[in-house]
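The block underneath contains the structure these notes are about, expressed in structure tokens.
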Amino acid sequence: MIFDLKNEAAEAIPNFKGGEGEFIAKIHFDGMNKIIHGTLEPGSTIGRHTHEGDSEIIYILSGSGTVEDDGRLVGIEAGQCHYCPKGHTHSLKNNGTENLVFFAVVPVQ
2 MIFDLKNEAA EAIPNFKGGE GEFIAKIHFD GMNKIIHGTL EPGSTIGRHT HEGDSEIIYI
62 LSGSGTVEDD GRLVGIEAGQ CHYCPKGHTH SLKNNGTENL VFFAVVPVQ
């Protein structure tokens, strides 16, 4: 299956998961997976949350930021991948000077 995220409508979600600023997301959901092209502007965050019934894979396309991974802060940049397994907690912050752009997959179980 091929779908074209560049032609999906972008949604600006303020304070996503209790974060700061806006999360700009293009989301494709087929009932089994959420496939996301996301952007965080400088200073914006995705708030700390736990993946109770699913997991998440985030691949950074451009920019840099910080991941809170089960309470531990880790820098992340373009070309790196963050995996949050089921039952674990994370957040994402753009503390850089350019947009943090990423591709994420959340398999719904």
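All residue numbers for the sequence shown refer to the numbering used here, where the first residue is 2 and numbers rise by one. Don't be surprised by glycine CBs; every beta carbon is placed ideally from N, CA and C.
Skipping 5 residues on each side, what residues in its chain have a beta carbon closer than 8 Å to that of residue 92?
-> The answer, listed in chain order, is 18, 20, 46, 47, 48, 49, 50, 68, 69.
Cα separation between residue 99 and residue 22?
-> One C-alpha to the other measures close to 14 Å.
Might you give, ordered along the chain, the residues of its own chain that have their beta carbon closer than 6 Å to the beta carbon of residue 84, omitting 5 neighbours on each side?
-> 58, listed in sequence order.
Less than 8 Å between the CB atoms is what I'm expecting for residue 106 and residue 34, so what's the real figure, rounded?
-> Sure, about 6 Å apart at Cβ, within 8 Å.
From residue 95 to residue 54, what does the alpha carbon distance come to, in whole angstroms?
-> For residue 95 and residue 54, the distance between alpha carbons rounds to 26 Å.
Residue 87 - DSSP class collapsed to helix/strand/coil | It is coil, neither helix nor strand.
At which residues does the beta strand (DSSP E) containing residue 76 begin and terminate?
-> 73-78 is the extent of the beta strand (DSSP E) around residue 76.
Sub-9 Å separation of residue 6 and residue 25 beta-carbons | Not in contact: residue 6 and residue 25 (Cβ atoms no closer than 9 Å).
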